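In the working numbering, the protein residues as written are 52 to 434.
Have a look at the structure below, then the notes.
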């Protein structure tokens with residue numbers, strides 16, 4: 052028994068010796084690397100660090116970035132964010148400094164109960180009341196002018212352009228009210244606005260709560276069924292901006308994108324004028340138009356479409372997008388597909404796969420060839 056114990060101790064001693072040798076060898080190699088290899092690889096490693104840190108800034112740009120501001124409302128909110136960030140850093144630094152001070156000062160002086168109550172009262176009054184009140188007042192001072200700038204207040208130079216936006220599951224209806232007896236311009240999933248001037252967006256929802264959000268122009272505004280709210284935004288220059296429903300509204304909330312374009316005033320007026328008149332219904336698509344009147348016209352509108360071709364002219368609870376200018380839109384399905392030749396026909400055949408749960412029923416009972424013909428005809432609908 053004693054012999055076995057001695058052998059076990061001997062093996063353990065040898066194992067420890069081997070481990071020590073390996074540790075010494077590892078330290079030696081580490082020293083060589085620090086002396087030589089690091090000097091050689093210092094520049095590439097520094098480059099790698101800089102590249103890695105720079106990649107973190109990639110989220111500060113793009114169509115949906117609140118950091119890449121393009122309007123006065125977004126710029127005001129941008130500076131509010133930085134002010135709050137600076138205050139948060141200051142508070143974090145103070146807490147960390149107090150923690151270090153307490154950690155290093157190991158010997159705490161003996162205090163009486165009265166002194167303890169006085170110190171506690173200071174912390175309650177200072178950290179629990181004074182600091183929050185000062186923070187709220189500072190935030191209100193910063194935020195009040197920003198909120199006022201987004202209100203539809205009267206302008207010295209006249210009324211702002213007014214655009215109505217209605218949220219649906221899961222698409223956007225955009226209406227431009229007509230003036231002096233002119234007909235409204237109605238489109239879907241595309242918002243065109245004049246640049247360099249304020250625009251009042253009148254918002255509501257047709258079903259559930261949505262949220263209107265153009266990050267580069269301003270903060271989000273909820274769209275509540277049965278209620279109307281107005282937000283004033285401005286694009287300082289022409290361009291294309293991303294927009295997204297910012298309130299979860301169901302299974303396809305992610306696929307509820309809005310394409311926003313800001314044009315010069317004369318280009319915007321021309322864009323509107325083109326859509327005041329119904330689109331030209333090109334010839335050679337008689338069968339496609341008949342099929343559209345039978346299967347699609349109950350939910351979708353095409354301005355100027357022959358009423359005699361509409362089989363079901365009753366009103367329905369489900370409303371689909373107005374298709375009068377669908378051929379000129381940049382995307383299909385609120386950003387699901389890019390608009391290109393054959394895209395509408397493909398969408399009609401596979402829309403429940405591409406955007407499952409959308410309210411358009413499947414077209415299993417319609418021949419594929421007819422669906423492709425309907426898609427080809429709809430692609431011709433441009434101003």
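Ideal Cβ positions, reconstructed from N, Cα and C, are used throughout, including at glycine.
Computed from a prediction, not measured in an experiment: that's the story for all the values here.
Beta-carbon proximity check, residue i vs residue j, cutoff 7 Å
| i | j | result |
| --- | --- | --- |
| residue 256 | residue 276 | yes |
| residue 245 | residue 319 | yes |
| residue 378 | residue 433 | yes |
| residue 310 | residue 241 | yes |
| residue 394 | residue 405 | no |
| residue 303 | residue 408 | yes |
| residue 268 | residue 239 | no |
| residue 341 | residue 360 | yes |
| residue 236 | residue 323 | yes |
| residue 414 | residue 429 | no |
| residue 411 | residue 402 | yes |
| residue 300 | residue 259 | yes |
Straight-line Cα distance separating residue j from residue i
| i | j | result |
| --- | --- | --- |
| residue 355 | residue 348 | 12 Å |
| residue 305 | residue 272 | 17 Å |
| residue 420 | residue 126 | 51 Å |
| residue 77 | residue 188 | In this prediction, residue 77 has a pLDDT of 48, which is less than 50 and means its spatial position is unreliable; nothing more can be read from the coordinates. |
| residue 146 | residue 161 | 23 Å |
| residue 254 | residue 177 | 43 Å |
| residue 293 | residue 265 | 6 Å |
| residue 329 | residue 121 | 34 Å |
| residue 376 | residue 369 | 20 Å |
| residue 362 | residue 338 | 14 Å |
| residue 123 | residue 116 | 15 Å |
| residue 387 | residue 397 | 12 Å |
| residue 114 | residue 416 | 40 Å |
| residue 192 | residue 243 | 33 Å |
| residue 168 | residue 154 | 22 Å |
| residue 381 | residue 389 | 6 Å |
| residue 249 | residue 216 | 16 Å |
| residue 291 | residue 315 | 12 Å |
| residue 190 | residue 134 | 9 Å |
| residue 298 | residue 307 | 10 Å |
| residue 431 | residue 289 | 27 Å |
| residue 282 | residue 274 | 11 Å |
| residue 118 | residue 194 | 17 Å |
| residue 385 | residue 345 | 25 Å |
| residue 233 | residue 321 | 15 Å |
| residue 165 | residue 280 | 56 Å |
Exposure of residue i, with buried meaning 16 or more beta-carbon neighbours within 10 Å
| i | result |
| --- | --- |
| residue 197 | buried |
| residue 151 | exposed |
| residue 130 | exposed |
| residue 425 | buried |
| residue 137 | exposed |
| residue 227 | buried |
| residue 141 | exposed |
| residue 231 | exposed |
| residue 98 | exposed |
| residue 211 | buried |
| residue 175 | exposed |
| residue 418 | exposed |
| residue 214 | buried |
| residue 144 | exposed |
| residue 422 | buried |
Paired residues, beta bridge with residue i - DSSP
| i | result |
| --- | --- |
| residue 183 | Beta-bridge pairing links residue 183 to no other residue. |
| residue 255 | 217 |
| residue 290 | 313 |
| residue 383 | 388 |
| residue 375 | Answer by DSSP bridge pairing: none, since residue 375 is not bridged. |
| residue 280 | 254 |
| residue 262 | 273 |
| residue 362 | Answer is none; residue 362 lacks a bridge partner. |
| residue 237 | 226 |
| residue 245 | 314 |
| residue 285 | 249 |
| residue 308 | 295 |
Contact test: residue i Cβ vs the ligand NAD heavy atom, cutoff 6 Å
| i | result |
| --- | --- |
| residue 383 | Because no ligand of any kind appears in the structure shown, any question about the ligand NAD cannot be addressed here. |
### Message
Contact between the region 178-195 and the region 218-227 is defined here as three or more beta-carbon pairs at a separation below 8 Å; is this criterion met?
### Response
no
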